[in-house]
Every structure is written in C-alpha cells, then in structure tokens.
Amino acid sequence: MCGIVGLHLRDPDLEPRLGDMLTTMLGEMTDRGSDSAGVAVYGNTDWTPPGSATVTVLADGEDAQVLAARVSARLAAAVSGRELGATVLLSAEVDVDALATAVRTAAPEVVLVGLGTELAVLKGVGLPRELAAGFGLPGVSGWQGVGHTRMATESAVTPAGSHPFSVGPDQCIVHNGSFSNHASVRRAMARRDIHCDTLNDTEVAARFVAEQIALGAGIDEALEEMAGVLDGFYTLLVSTAEEFAVVRDPIACKPAVIAETEQYVAMASEYRAMAHLPGIAGAHLYEPEPGRVYHWHR
Amino acid sequence: MSPDQRVRPAHPHVIDVGETGLRETNRALQASDGTGRFLLTDPRGAHALAVGLASPDEVVIDGPTGYYTAGMNDGAHVTVNGNVGVGVAENMMSGTVRVNGSASQSAGATAHGGLLVISGDAGARCGISMKGVDIVVGGSIGHMSCFMGQAGRLVVLGDAGDALGDSLYEVHIYVRGRVASLGADCVEKDLRPEHHAELAELLDRAGVTDVTTDEFRRYGSARTLYTFDVDNAAAY
Chain W
1 MCGIVGLHLR DPDLEPRLGD MLTTMLGEMT DRGSDSAGVA VYGNTDWTPP
51 GSATVTVLAD GEDAQVLAAR VSARLAAAVS GRELGATVLL SAEVDVDALA
101 TAVRTAAPEV VLVGLGTELA VLKGVGLPRE LAAGFGLPGV SGWQGVGHTR
151 MATESAVTPA GSHPFSVGPD QCIVHNGSFS NHASVRRAMA RRDIHCDTLN
201 DTEVAARFVA EQIALGAGID EALEEMAGVL DGFYTLLVST AEEFAVVRDP
251 IACKPAVIAE TEQYVAMASE YRAMAHLPGI AGAHLYEPEP GRVYHWHR
Chain U
1 MSPDQRVRPA HPHVIDVGET GLRETNRALQ ASDGTGRFLL TDPRGAHALA
51 VGLASPDEVV IDGPTGYYTA GMNDGAHVTV NGNVGVGVAE NMMSGTVRVN
101 GSASQSAGAT AHGGLLVISG DAGARCGISM KGVDIVVGGS IGHMSCFMGQ
151 AGRLVVLGDA GDALGDSLYE VHIYVRGRVA SLGADCVEKD LRPEHHAELA
201 ELLDRAGVTD VTTDEFRRYG SARTLYTFDV DNAAAY
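Residue numbers (UniProt numbering), protein chains in the order written: chain W, 1 to 298; chain U, 1 to 236.
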C-alpha cells in the first residue's frame with residue numbers, strides 16, 4: 001500500500017494554504033499506511049530562508065542549537081538550527097554543497113535526509129495527522145509540497161525509512177509500491193561509490209534518479225532510465241525546484257490520480273485525498289497511463 | 001432511468017455521505033424494499049459506497065467515488081455523476097450501474113450479470129474475468145481488458161489497450177476504435193447479422209444513439225486454450 005500526495009501550485013494566492021491542504025491530503029491517506037509519514041515543502045521562507053542553503057537531518061534527539069553550533073564552528077559561518085519533530089533543519093548563507101559537507105564532517109553520526117535552497121523534508125514515525133501537527137504543517141506556506149504515508153514493506157519503521165527520499169539538491173521522491181531488485185541495484189551503485197543510508201527500496205530509486213540528474217539527464221530521461229533498471233510495482237512522484245513529475249510502472253499496478261486546474265496540479269494515490277481541494281469539482285481528473293512520465297514545470 | 005416498473009416516490013431521499021458516514025449510508029440503502037429513490041451527496045471519493053444492494057432501488061451519487069462502488073449489486077440502479085475508483089460494479093449480479101465520468105481499473109471485474117455503462121474511459125483490466133455482465137464504455141479502455149472473460153458482452157466506443165481479451169472464453173467484444181494488440185487466443189471475428197442485432201440492443205440499453213453497428217469490429221476467443229494442450233504451452 002502506502003499513500004502519496006503532492007501539490008504543485010500555479011496560483012500564488014493559494015501559497016499561504018499549501019500546508020493546510022497538504023495536511024488534509026496526508027490525513028486522508030492514513031488508511032494506506034499509518035506507521036510513519038513524511039512531507040517535503042518547497043518555498044516556505046520560514047523553514048528555508050531565502051538566500052540560504054538548508055539541510056535536513058535526523059539527529060537522534062540531539063539539541064538543534066547544539067548541532068547548529070557544531071556545524072557553524074566547522075563552516076565558519078552562522079548556522080541556524082530548528083527542530084521539527086524527529087527532524088532538524090540547519091540553514092546558513094553558504095552554498096548547498098558547503099553546508100552539506102560541513103554537516104557530514106562536523107556531525108558524521110546524523111542522517112542527512114534533505115538538502116537544497118527551497119526544500120525542507122520532515123519525517124517521523126506515527127500517525128500522519130499527528131506528525132503533520134507536530135511539524136506545524138497546517139500553518140505553513142509554500143509553492144509545492146509532497147507527502148507520504150507509509151505501510152512498511154522494505155526496511156525498518158524508523159524516521160530514516162520514511163519517505164520522502166531526498167538525496168539530490170531540492171529533489172524528492174515519494175513512492176507507492178515496491179521495487180523487487182533494489183538489493184542488486186544498491187550493490188551495483190555501491191560499486192560506483194553511491195551509498196545508501198537505509199535498506200529502503202525507495203532510497204535506491206532516489207539515488208539512481210539523482211545520479212542520472214547529476215549526469216545531466218532531464219527528469220523524463222532519468223525516470224525512463226530508472227524504469228529500465230529497477231523492477232517493481234510503483235507510482236512515483238518526483239519533485240525538484242522546477243518540476244513536478246508522476247510515473248507509474250508499465251503495467252499500472254499501483255494507483256494514481258491527477259487533478260489539474262488553473263490554480264494547481266494535484267496528485268494522490270486516491271481521489272479522496274483531493275476531494276477537499278478548492279475547485280476540485282471543475283478539475284481535469286485522470287489516471288496517468290502506465291509507463292508514461294507526466295511532468296509540469298514551474 | 002427506471003428500467004423496472006416500480007412506483008417510486010417523487011422526491012429522492014437525500015443522504016449526505018460526509019455527515020451520515022459510510023456504514024450508515026450503506027445500511028440505509030441495503031434496508032430499502034426496492035421502491036426507494038436515493039440521492040447521495042458529498043461522497044468525497046469514499047470506498048465501498050452503495051455496495052451489496054439487493055433490491056431494485058434507484059440510487060444517484062452526486063460526485064466522484066472511490067473503490068468498489070456498487071460492488072455486488074443485485075438489482076439496484078446506481079448512477080454516479082463523477083469518476084469512480086478501482087473495481088466499480090465488481091461482482092455485480094443484476095441491475096445497472098452508470099458512471100457519468102471515467103472509471104479506474106478493473107471495472108466490472110468478475111460480474112455475473114446486469115449492465116455497467118461508463119460514459120468516459122475505463123482503465124486497465126476492464127471486465128477482467130467477467131462472467132455474464134454487459135459493459136458499455138463510451139471512451140477507451142486500458143490494457144489487459146477482458147482478461148479471462150468468461151461470459152457477457154463488452155462494447156467499447158473508443159480504443160482498447162494492449163492484450164485485449166487475453167485467455168478469453170465466451171465474451172463477445174465489440175470495439176469501434178483502434179485495438180493496440182490482442183491477447184493470447186483472442187481473434188477478430190465476423191460481425192454477422194445476429195451480432196449487429198446484439199450490439200444494437202446493447203447500445204440502445206446503454207443510451208448510445210449517435211453511432212451505428214457498422215462502425216465496430218468484433219473479437220472473440222479462438223478457443224485453442226480452452227483445454228490444456230502441451231503444444232500450446234508457450235501461449236499460456
């Protein structure tokens with residue numbers, strides 16, 4: 001099972017309501033997976049201050065301010081720390097690579113679960129609605145967001161095993177389904193010196209897609225390449241700072257519904273996650289065809 | 001829409017699904033004696049709505065629904081004004097289910113009887129293992145449709161996806177548009193006068209008026225996989 005939701009706003013007037021809409025979407029998908037959940041929000045100026053890089057980490061209970069001070073000492077620049085549930089956001093006015101490297105060096109024990117200039121990734125174990133409330137999600141603004149409710153099939157129920165998986169700058173993947181050959185693909189990637197933090201199948205897909213994008217592929221090419229290597233049943237929602245993309249496996253085993261209006265593109269595992277969205281009655285509603293990449297640009 | 005001759009009240013009984021809840025809504029429908037008219041509002045994509053109805057009541061659902069809408073229907077006349085999720089009219093025995101919108105995958109799966117009409121498209125595996133139901137789709141259908149279809153008729157006004165009628169038994173398939181590919185043991189057959197008559201009757205019951213039976217092609221089982229033959233092993 002698992003449930004995925006996503007919202008790509010076209011109308012800036014809706015941006016203050018992003019978190020609220022995403023919270024309801026996420027809550028509606030609780031029946032598809034209630035062991036853990038996660039969200040990613042693009043363009044919230046509070047969580048990802050403009051002009052700064054932001055890295056999201058799982059710090060296993062370490063105080064956010066103490067962690068920020070440790071990274072700040074390594075970076076020789078001011079780092080702000082913020083704790084949201086099991087996750088900590090670290091921001092600094094440096095480039096993304098510099099901040100990520102400083103985090104990895106200063107605090108090798110933490111798990112880096114998101115990085116970018118516009119992206120905040122929040123994950124946790126527990127009921128989706130309670131986690132969203134703990135993150136303060138209902139009140140946040142932004143221009144794009146994705147979410148995931150997990151029914152664990154591969155890897156342990158831990159915050160690190162929750163989706164979204166974000167391993168490239170401002171990139172995210174949420175996944176509904178399972179990959180059957182993730183172990184062999186993980187081993188093949190390790191030989192290319194690409195290593196995973198978890199035993200989760202989706203992390204393999206996220207790292208594969210990030211590798212393709214880093215090599216210069218567009219999102220369509222990256223997902224087509226992935227479909228040729230990773231086997232399984234999947235609906236994937238892939239987001240970047242520019243794009244929002246949906247793809248299903250070639251026999252369309254896993255559900256997906258897309259709703260488009262002039263105000264937004266919404267995607268979910270089931271329609272009921274979108275039933276409350278404004279203007280949904282007039283939306284163009286459809287299921288993506290198997291094996292075809294659908295994507296939208298900002 | 002009143003295929004039977006029952007006398008029904010002039011005004012429908014309105015049930016707000018959001019307020020009433022799924023179980024209470026289904027309970028009220030299932031308790032009806034067959035003369036009821038119901039209007040279900042605010043379905044919000046709920047799963048298993050209007051399932052297990054065993055009397056010829058009229059039910060109109062105003063808005064999109066989730067999985068297994070009108071499943072196991074035995075006699076009711078259900079109309080959905082909106083899209084439906086996976087498995088609409090699954091295992092229907094009799095009655096009608098009309099979808100004024102599109103359907104997700106496995107529409108009419110394993111259904112034994114009745115009529116399912118979908119005005120828009122149906123997804124993959126439409127009519128999978130159908131056992132006597134008649135299905136009329138105004139738009140196109142997805143891949144693996146009518147897989148292991150055993151009895152009944154499938155009419156498609158648009159196109160059909162890959163592997164239409166794979167491992168087919170006795171379903172009559174009529175497609176007006178393009179067929180991406182035929183599945184194992186499914187072949188094109190002549191449209192003889194009795195098939196024109198059958199198709200015309202189905203289109204009429206479905207309320208389709210603007211097409212002629214000449215526009216369709218008929219597909220059915222070659223019956224080479226009916227009984228196991230080791231020479232056919234590669235085709236299974």
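In this text, a Cβ means the ideal position worked out from N, Cα and C, and glycines have one as well.
For clarity, every value in this text was computed on a predicted model and none was experimentally measured.
Cross-chain neighbours of residue 98 of chain U in chain W, by beta carbon under 8 Å
Taking the first residue of the second sequence as position 1, residue 98 of chain U is located at position 98. Those do not exist, as residue 98 of chain U stays about 18 Å from chain W at its closest Cβ, beyond 8 Å.
Please determine, among W/121, W/161 and W/85, the residue with the shortest C-alpha to C-alpha distance to residue 64 of chain W.
Taking the first sequence and counting its residues from 1, one reaches residue 64 of chain W at position 64. Selected option, being the one with the closest Cα: W/85.
If you follow the alpha helix (DSSP H) that residue 257 of chain W is part of, which residue opens it and which one closes it?
By 1-based counting over the first sequence, the position of residue 257 of chain W is 257. From DSSP, residue 257 of chain W is part of no alpha helix (DSSP H) but of the beta strand (DSSP E) over 257–260.
Contact list for the segment 266–290 of chain W against chain U, Cβ threshold 9 Å:
270, 271, 272, 273, 274, 275, 276, 280, 281, 285, 286, 287, 289 and 290
Closer than 8 Å at the beta carbon, the chain W residues around residue 55 of chain U:
Counted from its first residue, the second sequence places residue 55 of chain U at position 55. By Cβ distance, chain W contributes nothing, its closest Cβ being about 27 Å from residue 55 of chain U, past 8 Å.
Should residue 144 of chain U be flagged as near chain W, meaning a C-beta pair shorter than 9 Å?
Counting from 1 along the second sequence, the entry for residue 144 of chain U is found at position 144. True, the Cβ-Cβ gap to chain W drops below 9 Å.
For a contact meaning CB atoms closer than 8 Å, what does residue 316 of chain U contact in chain W?
The structure shown does not extend to residue 316 of chain U, since chain U is modelled only from 1 to 236, so the question has no answer here.
Using only alpha-carbon positions, find the residue among U/67, U/108, U/58 and U/14 that is nearest to residue 269 of chain W.
Locating residue 269 of chain W in the first sequence gives position 269, counting from the first residue. Looking at the Cα atoms, U/67 is the closest of the given residues.
Tell me where the beta strand (DSSP E) around residue 32 of chain U begins and ends.
As a working mapping, residue 32 of chain U is identified with position 32 in the second sequence. Careful: residue 32 of chain U lies outside any beta strand (DSSP E) and carries neither H nor E.
What does the Cβ neighbour count give for residue 249 of chain W, buried or exposed, with the cut at 16 atoms within 10 Å?
Translated into the one-based positions of the first sequence, residue 249 of chain W becomes position 249. With 16 or more other Cβ atoms within 10 Å, it is buried.
Can you tell me where the alpha helix (DSSP H) holding residue 208 of chain W begins and where it ends?
Taking the first residue of the first sequence as 1, we reach residue 208 of chain W at position 208. 201–214 is the extent of the alpha helix (DSSP H) around residue 208 of chain W.
Does the Cβ of residue 236 of chain U have 16 or more other Cβ atoms within 10 Å, making it buried, or fewer, making it exposed?
Walking along the second sequence from the start, residue 236 of chain U turns up at place 236. It is exposed - the Cβ of residue 236 of chain U has fewer than 16 other Cβ atoms within 10 Å.
Touch test, the segment 202–209 of chain W against the segment 159–167 of chain W, Cβ-Cβ under 8 Å, three pairs minimum:
yes
Residue 252 of chain W: contacting residues in chain U (beta-carbon distance under 8 Å)
The residue labelled residue 252 of chain W in the question sits at position 252 within the first sequence. Those within 8 Å of residue 252 of chain W in chain U are 105, 123, 124, 142 and 143.
Could you check whether the Cβ of residue 91 of chain U sits closer than 9 Å to any Cβ belonging to chain W?
Indexing the second sequence from 1 puts residue 91 of chain U at position 91. False, the Cβ-Cβ gap to chain W never drops below 9 Å.
Do residue 132 of chain U and residue 109 of chain U come within 9 Å of each other at the CB atom, strictly closer than that value?
The residue labelled residue 109 of chain U in the question sits at position 109 within the second sequence. The residue labelled residue 132 of chain U in the question sits at position 132 within the second sequence. Not a contact, by the Cβ cut-off of 9 Å.
Hey, is the segment 8–27 of chain U in contact with the segment 50–60 of chain U, meaning 3+ C-beta pairs nearer than 8 Å?
yes
Closest Cβ-Cβ distance between residue 102 of chain U and chain W: below 9 Å?
Translated into positions along the second sequence, residue 102 of chain U becomes position 102. Closer than 9 Å to some Cβ of chain W, the Cβ of residue 102 of chain U qualifies, so yes.
What did DSSP end up calling residue 1 of chain U once you bin it into helix, strand or coil?
Residue numbering aside, residue 1 of chain U sits at position 1 when the second sequence is read from its first letter. Its pLDDT being 42, under 50, residue 1 of chain U is placed unreliably by the model, and the measurement read from it follows with that caveat. Coil.
Quick one: what's got a C-beta closer than 6 Å to residue 295 of chain W's C-beta in the same chain, skipping five residues either side?
Residue numbering aside, residue 295 of chain W sits at position 295 when the first sequence is read from its first letter. Answer for residue 295 of chain W: 219, 243 and 245, listed in chain order.
How should residue 262 of chain W be labelled, buried or exposed, when 16 other C-beta atoms within 10 angstroms of its C-beta is the threshold for buried?
Locating residue 262 of chain W in the first sequence gives position 262, where the first residue counts as 1. Exposed, by the Cβ-count rule.
Threshold first: 4 residues or longer. Then list the alpha helix (DSSP H) segments lying entirely within the segment 170–207 of chain U, N to C.
193–206
Nearest chain W C-beta to residue 63 of chain U closer than 9 Å, yes or no?
Position 63 of the second sequence, counted from the first residue, corresponds to residue 63 of chain U. Closer than 9 Å: yes.
Once DSSP output is grouped into helix, strand and coil, what is the label at residue 11 of chain U?
As a first step, residue 11 of chain U must be located in the second sequence, where it is residue number 11. It is coil, neither helix nor strand.
When the cut-off is 9 Å and only beta carbons count, does residue 68 of chain U lie next to chain W?
Position 68 of the second sequence holds residue 68 of chain U. No, because no Cβ of chain W sits closer than 9 Å to the Cβ of residue 68 of chain U.
Please classify residue 255 of chain W as buried or exposed, where buried requires at least 16 other C-beta atoms within 10 Å of its C-beta.
Here residue 255 of chain W corresponds to residue number 255 of the first sequence, with the count starting at 1. Buried: at least 16 other Cβ atoms inside 10 Å.
Three or more C-beta pairs below 8 Å linking the segment 216–230 of chain U and the segment 179–193 of chain U:
yes
Starting from residue 44 of chain U, find everything on chain W with Cβ-Cβ shorter than 7 Å and list it in chain order.
Here residue 44 of chain U is taken as the residue at index 44 of the second sequence, counted from 1. Residues of chain W passing the Cβ test: 272 and 275.
Please confirm whether residue 11 of chain U has its beta-carbon closer than 9 Å to some beta-carbon of chain W.
Stepping through the second sequence from its first residue, residue 11 of chain U is reached at position 11. No, its Cβ sits nowhere closer than 9 Å to a Cβ of chain W.
The beta strand (DSSP E) with residue 20 of chain U in it runs from where to where?
Taking the second sequence and counting its residues from 1, one reaches residue 20 of chain U at position 20. Segment 17–20 is the alpha helix (DSSP H) holding residue 20 of chain U; no beta strand (DSSP E) there.
For chain W, is any of its Cβ atoms less than 9 Å away from the one on residue 232 of chain U?
Your numbering for residue 232 of chain U matches position 232 in the second sequence. By this cut-off, residue 232 of chain U is not an interface position.
Quick one: is residue 60 of chain W buried, meaning 16 or more other Cβ sit within 10 Å of its Cβ, or exposed?
Counting from one through the first sequence, the residue named residue 60 of chain W turns up at place 60. Its Cβ having fewer than 16 others within 10 Å, residue 60 of chain W is exposed.
Using CA coordinates, which residue listed in W/185, W/18 and W/170 is at the minimum distance from residue 214 of chain W?
Translated into positions along the first sequence, residue 214 of chain W becomes position 214. For residue 214 of chain W, the nearest C-alpha among the options comes from W/170.
Should residue 26 of chain U be flagged as near chain W, meaning a C-beta pair shorter than 9 Å?
Your numbering for residue 26 of chain U matches position 26 in the second sequence. By this cut-off, residue 26 of chain U is not an interface position.
For residue 4 of chain W, name the three-state secondary structure that DSSP assigns.
Position 4 of the first sequence, counting from 1, holds the residue named residue 4 of chain W. Strand, per DSSP.
Whether or not the segment 17–36 of chain W and the segment 122–133 of chain W are in contact is what I'm after, with contact meaning three or more pairs of Cβ atoms, one per stretch, closer than 8 Å; do they touch?
yes
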